[in-house]
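Asks: Have a look at the structure that comes next, please.
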Amino acid sequence: MGKPKIALYWCSSCGGCEESVVDLAEDILTVVEAVEIVFWPVAMDFKYEDIAAIPDGGIVASLINGAIRMEEQARIAKLLRQKSKYVIAHGSCAHLGGVVGLANFYKKNAVLDRAYKEVPTIHNAQGILPKEKTDDSGREIELSAFHDTVKALDQVIDVDYYIPGCPPPPNLIKNAIMSLLEGRLPPKGTVLAETKALCHTCPRRESKPDKIMIREFKRVWETEWDPSRCFLDQGIICLGPVTRGGCGERCIQANMPCKGCFGALESVIDQGAKSASFLASIINAEDPEEISQIAASIPDPAGLFYRFSLPSSILKGKIDKEAK
Amino acid sequence: MSKHITIDPITRLEGHGKIDIFLDEKGSVERAYFQVPEFRGFEKFSEGRACEEMPTLTQKICGVCPTAHHIASSKTLDALFNVNPPEAAKKIRELMFNAFMFEDHMLHFYVLGGPDFVVGPDAPKAERNILGVIGKVGVDIGKKVIDMRNRVRGVNATISGSSLYPVCGLPGGISKPLTAEDITSINEIIVPGLVKVSTIDEKGVSGVEEYSGTFLQQLITGLLCPPEALGMGKGSTEATASVRQMLYERMIRTFQFRIANMVRQEVINKILLKNGFEANIVKMKFNSVTDADEAVKAKWLGDLLRGYDPKRGEEKPFTIDEVRAMFGYGPKETGHKEEVPSEQTEEPNVEEEEENENREEPSQPDNPV
Amino acid sequence: MGEKIGIYICECGPNIKDAMNLDELVTFAQGLENVAFAKTFKTLCSEEGKALIGKEIKGNHLTRLVIAACSPKEHEVTFRKVLKSEGLNPFFLQIVNIREQCAWVIKDRSQATEKAKFLIRAAVHRVIHHEPLEERQMECQPDVLVIGGGIAGISSALVLAQKNRTVYLVEKLPCVGGKVARYEEVFPNLECASCMLDPKMDEVLHHEHIEVLTLSEVQEVLGSYGNFIAKVKTKARHVDTRQCIGCGACFEACPVKVKNEYNEGLNERKAIYVPYAGALPYVAVIDEEHCLHFQGKDCVACQKGCPFGCIHFDEKDQDRELRVGAIVLSSGFDLFDPTRASELGYGQVENVYTSLEFERLLSSTGPTGGKILMKNGQPPKKIAIIHCVGSRDKRYNEHCSGVCCAYSLKFAHLAKAKLPEASIVQIYSDFCLPGKASQGFFYQLDQDKKSEFLHMRGADTIKIDQKDGRIHITYTDVNGKPAQIAADMVILSPAIEGARDAETLARVLHISQGKAGFFVEEHAKLAPVSTMNEGVFIAGCAQGPKDIQSAVAEGQAAAGRIISRLIPGERLTLEPMVSVVDETCCSGCKTCIGLCPYKAPIYDAEKKCAVINELLCKGCGVCVAACPSGAIKARHFTDQQILAEIKGLLI
Amino acid sequence: METFEPKIVGFLCNWCSYEGADSAGKAQKACPANLRVVRVMCSGRIDPQFVIQTFMEGADGVLILGCHPGDCHYKEGNYNALKRYTVLKNMLKGFGIEEGRLRLDWVSATEADKFVQVVSDMVEHVKQLGPFNHHNH
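Following this line, the structure appears as structure tokens:
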């Protein structure tokens, strides 16, 4: 029957997740011996019809990264779902909606107009926007429709496992594929990383005091900070406590705070709300005036707390007044 | 009516794409269209974000070259805050950029573009990829390349925390200095690495000659694909005009870069080695071109582009030997040439080659045509 | 999940019945998921109401109960008992408030019915997620630690001491009795202080169930209510307490003289001494700081002089771990330091005394054997007593110390008795004489013209300095006009403040200090003798300025609170609705640790995660809402239950 | 339906505001039927996730009522509620949720009138804001 087939595809993505697969380095050779890659647009020339030709369930696992923004991405995701035994949401865009999910703070037309009409580098006098159908003197060409909002993968198809991260560290991908092939799979829906927050393995954990009390949140450009001490204790917003661990604390190693790309922990239903809650608890004030002053020193809380998880959050995006 | 061929999706590049080709009755290409079925809207959803978040947000435009965007965005923050980063920070950013350039080229050559050359454009679909390349050049060479790229990515991991998404960009510099150990670990990668790559070239790995040959082939075929495919056809709107201008510009610079590179390898290094110097100590740079030169070159390139030589009259693409002759090389069969066409090379002035590359790769336009 | 929910809707006589359409409500309730049946009843809280519920729980094998009636604050406990008696976990119940928050506040019948519907639906959604909670028992130590051997500590210890319970009375001074032991007489009935106190001190020192540890301080306290571990350091006395009878032979032999702090430095004592005549335990103690032997010189004078061989220089400090169930903190107070108000001349102008110093002058065991003498040994002709020094003064202490007016009257009375021809003048701004007897004492004094009263605007207007051999006092009188008098002796009545070392005790016992350094009680009106740290009680002036009567009352109250829960041999029942940390999910980010006022969550260094001490947790849930990993569960108010209730309210 | 009747979910703390609501009941003071109450042990227990989920489930307004500062049965619970409310309110601006839809206030056990007043004001205010439109994603 030949080697088990796996497919990799990218929806509304940046290619970072593809790079993280290439980053498997030597391991990619062991993976390639074990499986046959039947679809991987960034590196292989297989076409959509090649997937269609595979019998349903013929693909052992599809690693789909990127959020769902275009109709085509939804279509191919559904096609792969149909063809695959397991679908793994690969990377924070598929897992949570990712940074591209921030577009849900704006209406669809505003997003298109900004890019095609308003940005200084565009010359588009006629204000042409991409159209789903274009007829050039009899020649019909089609373009995928642009959805109203960005969705995470599991809001479009049924997802079996999640590999979190932006991008996911290569070891997580390898573990996922290997455990898949060796049949030692955790229960459906598991996020294949740590079950505890980043603080558990953070190199700065020892320096974190039992009680943190902050008079003002500092932005990274307005302060110097001690690279050995916990960011929060120095008034710098770090989402480590509210973010799943397993990334190897790469941002902390680079002396920058965690932005929450691994998403929230199992029993948390909204990463943004929990960020607001735990950061509020370190505000050192009792007078309402002082509290609002300190709270105001958090820049763009919505954008910061939902940096990677807006589409999969409870409210999913800006509340549209006119919607039906 | 015309036959309609669709290539969907186009593959082995970063980003989504779809090509529709319409053939006329005779079977030759009537019109071809290239479309990008992906749009995310960074321009809009960056509004409202804290400025210090931008380096790590803009970089998500492309997962293959995030370092470029990250550094560009960091420099924008420098301008916004009107600060001048310390020398060390600038040097580290430069090192980061070059390490990224190096391993990105390796990605392009071995994974994305390479298969067309090494395995050949008409190889079967299943082989025309990195695995095919490894099959051709042999697993140990494959491993060396994979190891080499991975270790150079390690350089960026040491500097900025992540081999893929740097996070260290700050207005006025970067977030982490290079410690002594960082520097030694980077040197351990870079110094032997460079020698290693040139040794691959020098030792004449079987495919290299082949490669330089096919490289020329790509040079020609690449240049000769019909203008319409590059969106330069009739009736193109102003938008495509600017795209055409930009592609044209890039064509010229790419051409200059490759010529410089080839001349350095084939001509200058040989002279240097013969006279006991080390290879690669001379850098090539095209001196600034006056408008007149530009026009001559543009015309010459345009003719080359249209695939015919006024003298030869037909529309047939050049053979490899004809192009080699243009550069004063003998036909391919005699292998490498003995005598050195000394009188032909004028003395190009020498300057940092990287200068060239910075201008070469404008970030890919993010809007479908 | 196959739960069988029984819904009982109380008519509450007419109250609910007339306010909404109960039939419509019953049919609606019966239609809800997992509901076995729904019915109404006249008064569910009545005996037959409860009996009905009890019978039907068994009869229909109900697994959950929803009771729509009055506020849960009324009968949740009663109905939980009904469930318990039927063998159903009492927490499988949700009360729906359709009386106070529905029937009684919504005049429109249909609106009230609608509201009752979604309140019941919310309860049904919530009750499915209720988990069985057990009231757990826990072994506890019946013994008690009392810190501070003053009147409050002594009275508390005496009430606490009983069969199979040991009371450890820890006192940092060499003798017990605290401040009261230094007074000659006490207001309002001028009873002799030592006649009142000595029998109590004696009883404490010889009580079979009380162990007194003098010269001892609590270094550290671990554990929680029912199981404290107190580490106590006892400084070496160098005198064998069993043999020394306080004969004083060693005092004469000792060459060193030192200011006696027990007489407020008004006289001197030796390096080996007894604090004051009649101090209990009446045993000598060596002051290591001043004793030559401990400064490297080989002086053994006292050892040689002692007829009973009680002196042992090699005695070492002792550390002990006391296992106790509760702690009473009665560490007393300190007076406001008058030197902070330099204009009062205390320390520069001679014969300006604080009230404590004057008490020692009056005391027969004091430096002058009870005679009121000035520094030059002569009796003063005119004594001025100044009220509110450092009290009711924005610059120092806002509070009124409450007892200075009473003891100032006492001073006037005693001084007049000892020096009949001397004139006593009291400069006061307001008079504070609460309680049954103090005001009567004032009338009696005023009648006998024993003291002249000058009404000043406030103590902040007083200046004292030396002028032609007498003390010169200037102040602003109550009408705003400057006034001045001269006197031979001035008695300041400084404010009562928290003890100087109260801060260390607050840190050691995890309780907080309020204004002026007094310890903060759990609730000013409802829980005045307990603190936020359950099991730690406070009594006497450590909690705030008060008279001896209140201090004793608080000492006994604290003892009562302890006895009611720490019954020897019985186990301590624990509050079931507390929070618990899921250690597989907790990342050790410590957010909860800094948040909890009760210090219930502690950081376990080995497991690298938080653990909640179920004894201290009150179940408020503040940490649960803040926990970034959602790793803490608030029993009976879990996220799942509340979210289900919200869903039920709105679908 | 002609007049829009907003659904207001109120999180009331067991010791003060819930008692305040009961005392309004005992005094038979009329109170708008729009309020739907969830009892929690302390206003400090209210997790911002509850507030957002409540909006998502269809509430048009969320009201958090705790003890007056200093009166909290657990000493500092209400201060934490105030801090979370402040940070959450700033965050919800990014979602285009009008400020009037979420409100925090203090009601003691005896302030029956204030309780009725706060609830009535909230209902009026949300009525003007109109329905909270949550179906668009």
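Residue numbers (the numbering used here), protein chains in the order written: chain W, 113 to 436; chain C, 9 to 377; chain Y, -6 to 644; chain X, 17 to 153.
Ideal placement from N, C-alpha and C gives every residue a C-beta, glycine not left out.
Because the structure is a prediction, the values reported are computed rather than measured.
1) Identify each residue in the stretch 56 to 80 of chain X for which the Cβ-Cβ distance to at least one residue of chain W is less than 9 Å, and report them in chain order.
2) Going along the chain, which residues of the stretch 24 to 52 of chain C sit with their C-beta nearer than 7 Å to a C-beta in chain W?
3) Rounded C-beta distance between GLY36(X) and SER59(X)? I'm assuming under 8 Å.
4) Could you name the residues of the same chain whose beta carbon sits closer than 6 Å to that of HIS200(Y), not counting the 5 residues immediately before and after it, in chain order?
5) Using a threshold of 8 Å, state whether the C-beta atoms of PHE21(Y) and LYS110(Y) are closer than that.
6) So, helix, strand or coil for ILE504(Y), using DSSP?
7) Is LYS11(C) buried or exposed, if buried means 16 or more other CB atoms sit within 10 Å of its CB?
8) Based on DSSP bridge pairs, tell me the residues matched to TYR421(Y).
9) Under DSSP, the alpha helix (DSSP H) around GLN133(X) begins and ends at which residues?
10) When DSSP labels each residue in this structure, what does CYS359(W) get in the three-state scheme?
11) With the cut-off set at 8 Å, would you say PHE326(Y) and ALA520(Y) are in Cβ contact?
12) My parser needs the alpha helix (DSSP H) runs of 4 or more residues fully inside the stretch 190 to 247 of chain Y; what are they?
13) Do you know offhand how far ALA376(W)'s Cα is from TYR101(X)'s?
14) What distance in whole Å lies between the Cβ atoms of GLU128(Y) and PRO569(Y), which are believed to be in contact at a cut-off of 8 Å?
15) DSSP three-state call for SER404(W): helix, strand or coil?
16) Can you tell me which of GLU334(W), ALA305(W), PRO339(W), TRP333(W) puts its alpha carbon nearest to the alpha carbon of LYS320(W)?
17) Measuring CB atoms only, is the stretch 133 to 150 of chain C touching the stretch 164 to 181 of chain C, in the sense that at least three cross pairs come out at less than 8 Å?
18) Can you tell me where the alpha helix (DSSP H) with TYR72(Y) in it begins and where it stops?
19) Starting from THR469(Y), follow the beta strand (DSSP E) in both directions and report where the run begins and ends.
20) For ASP352(Y), count neighbouring C-beta atoms within 10 Å of its own C-beta (all shown protein chains included) and say buried if the count is 16 or more, exposed if not.
21) May I have the straight-line CA-CA distance separating LEU547(Y) from PRO594(Y), to the nearest angstrom?
22) Let me know the secondary structure DSSP gives MET72(X) once reduced to three states.
23) Less than 8 Å between the beta carbons of ARG119(Y) and LEU25(Y), yes or no?
24) When we look at the beta-carbon of VAL139(X) and count the other beta-carbons within 10 Å, is it buried (16 or more) or exposed?
25) Which stretch, first to last residue, makes up the alpha helix (DSSP H) that contains LEU355(Y)?
26) Could you list the residues in the stretch 79 to 98 of chain X with a C-beta less than 8 Å from some C-beta on chain W, going in chain order?
27) Taking 8 Å as the CB-CB limit, is CYS342(W) close to chain C?
28) List the residues of chain W that ARG52(X) touches, going by C-beta distances under 7 Å, in chain order.
29) Do VAL522(Y) and ARG554(Y) count as a contact pair if the criterion is CB distance below 8 Å?
30) Around the C-beta of CYS168(Y), are 16 or more other C-beta atoms found within 10 angstroms, so that it is buried, or is it exposed?
31) Taking any Cβ of chain X, which residues in the stretch 563 to 579 of chain Y have a Cβ under 9 Å from it, in chain order?
32) Using only CA atoms, which one of VAL145(C), LEU281(C), PRO17(C), CYS70(C) lies nearest to SER132(W)?
33) On the criterion of 16 or more Cβ atoms from any shown chain inside 10 Å, does LEU241(W) qualify as buried, or is it exposed?
34) Just how far apart, CA to CA, sit ARG230(Y) and ILE560(Y)?
35) What is the DSSP secondary structure of MET131(Y), reduced to helix, strand or coil?
36) Any residues in the stretch 346 to 361 of chain Y with a beta carbon nearer than 9 Å to a beta carbon of chain W? Which ones, in chain order?
Replies: In short:
1) Taking 9 Å as the Cβ-Cβ cut-off against chain W, the residues of the stretch 56 to 80 of chain X that qualify are ASP63, PRO64, GLN65, PHE66, VAL67, ILE68, GLN69, PHE71, MET72.
2) If the cut-off is 7 Å between Cβ atoms, the stretch 24 to 52 of chain C has ASP28, PHE30, ARG39, TYR41, GLN43, PRO45, GLU46, PHE47, ARG48, GLY49, GLU51, LYS52 near chain W.
3) As a first step, residue 36(X) is located in the fourth sequence; it is residue number 20 there, counting from the start. As a first step, residue 59(X) is located in the fourth sequence; it is residue number 43 there, counting from the start. Between SER59(X) and GLY36(X) the Cβ distance is about 12 Å, and since that is not below 8 Å, they are no contact.
4) Taking the first residue of the third sequence as 1, we reach residue 200(Y) at position 207. So the list reads ALA154, once near-sequence residues are dropped.
5) Here residue 21(Y) corresponds to residue number 28 of the third sequence, with the count starting at 1. Here residue 110(Y) corresponds to residue number 117 of the third sequence, with the count starting at 1. Yes. Within cutoff.
6) Residue mapping note: residue 504(Y) aligns to position 511 of the third sequence, counting from 1. Note: ILE504(Y) maps to coil in three-state DSSP.
7) Taking the first residue of the second sequence as 1, we reach residue 11(C) at position 3. With fewer than 16 other Cβ atoms within 10 Å, it is exposed.
8) Mapped onto the third sequence, residue 421(Y) falls at position 428. BP columns for TYR421(Y) point to HIS448(Y).
9) Residue mapping note: residue 133(X) aligns to position 117 of the fourth sequence, counting from 1. 128 to 145 is the extent of the alpha helix (DSSP H) around GLN133(X).
10) Here residue 359(W) refers to the residue found at position 247 of the first sequence. Coil at CYS359(W), not helix or strand.
11) Working through the third sequence from its first residue, we reach residue 326(Y) at position 333. Working through the third sequence from its first residue, we reach residue 520(Y) at position 527. For PHE326(Y) and ALA520(Y), no; Cβs fall outside 8 Å.
12) 242 to 246
13) Working through the first sequence from its first residue, we reach residue 376(W) at position 264. Working through the fourth sequence from its first residue, we reach residue 101(X) at position 85. One C-alpha to the other measures close to 21 Å.
14) Within the third sequence, numbered from 1, the residue matching residue 569(Y) stands at position 576. Within the third sequence, numbered from 1, the residue matching residue 128(Y) stands at position 135. Indeed they touch by this definition, with Cβ atoms about 5 Å apart.
15) What you label residue 404(W) is simply residue 292 of the first sequence in a count that begins at 1. Judged by DSSP in its simplified three-state form, SER404(W) adopts helix.
16) As a working mapping, residue 320(W) is identified with position 208 in the first sequence. Looking at the Cα atoms, PRO339(W) is the closest of the given residues.
17) no
18) As a first step, residue 72(Y) must be located in the third sequence, where it is residue number 79. Note that residue 72(Y) corresponds to Phe in the displayed sequence, not to Tyr. Per DSSP, PHE72(Y) belongs to the alpha helix (DSSP H) from 65 to 78.
19) Residue numbering aside, residue 469(Y) sits at position 476 when the third sequence is read from its first letter. Looking at the DSSP string, the run of the beta strand (DSSP E) that includes THR469(Y) is 463 to 469.
20) The sequence position of residue 352(Y) within the third sequence is 359, counting from 1. Just to set this straight, residue 352(Y) is Glu in the shown sequence, not Asp. Flag for GLU352(Y) reads buried.
21) For this step, residue 547(Y) is matched to residue 554 along the third sequence. For this step, residue 594(Y) is matched to residue 601 along the third sequence. Sequence check: residue 547(Y) is Glu here, not Leu. So the two alpha carbons sit approximately 30 Å from each other.
22) To locate residue 72(X), count along the fourth sequence from 1; it is residue 56. DSSP, read as helix, strand or coil, puts MET72(X) in helix.
23) For the purposes of this step, residue 119(Y) is identified with residue 126 of the third sequence, where counting begins at 1. For the purposes of this step, residue 25(Y) is identified with residue 32 of the third sequence, where counting begins at 1. No, they are not a contact pair.
24) For the purposes of this step, residue 139(X) is taken as residue 123 along the fourth sequence, with counting starting at 1. Label assigned to VAL139(X): buried.
25) Indexing the third sequence from 1 puts residue 355(Y) at position 362. Segment 348 to 355, the alpha helix (DSSP H) holding LEU355(Y).
26) PRO85, TYR95, ASN96, LEU98
27) On the first sequence, position 230 is the one that residue 342(W) refers to. Cβ-Cβ to chain C under 8 Å: no for CYS342(W).
28) Stepping through the fourth sequence from its first residue, residue 52(X) is reached at position 36. Per Cβ cutoff of 7 Å: no residues; ARG52(X) is ~19 Å from chain W at best.
29) Counting from 1 along the third sequence, the entry for residue 554(Y) is found at position 561. Counting from 1 along the third sequence, the entry for residue 522(Y) is found at position 529. Closer than 8 Å, so yes.
30) In the third sequence, residue 168(Y) corresponds to position 175, counting from 1. Counting Cβ neighbours within 10 Å, CYS168(Y) comes out buried, since at least 16 surround it.
31) Residues of the stretch 563 to 579 of chain Y with a Cβ closer than 9 Å to any Cβ of chain X, in chain order: MET570.
32) Reading the first sequence from its first residue, position 20 is the one you call residue 132(W). In terms of CA proximity to SER132(W), CYS70(C) leads the group VAL145(C), LEU281(C), PRO17(C), CYS70(C).
33) As a working mapping, residue 241(W) is identified with position 129 in the first sequence. Classification of LEU241(W): exposed, given that the 10 Å Cβ count is below 16.
34) Position 237 of the third sequence, counting from 1, holds the residue named residue 230(Y). Position 567 of the third sequence, counting from 1, holds the residue named residue 560(Y). Just so you know, the alpha carbons of ARG230(Y) and ILE560(Y) end up roughly 35 Å apart.
35) Position 138 of the third sequence, counting from 1, holds the residue named residue 131(Y). Strand.
36) none
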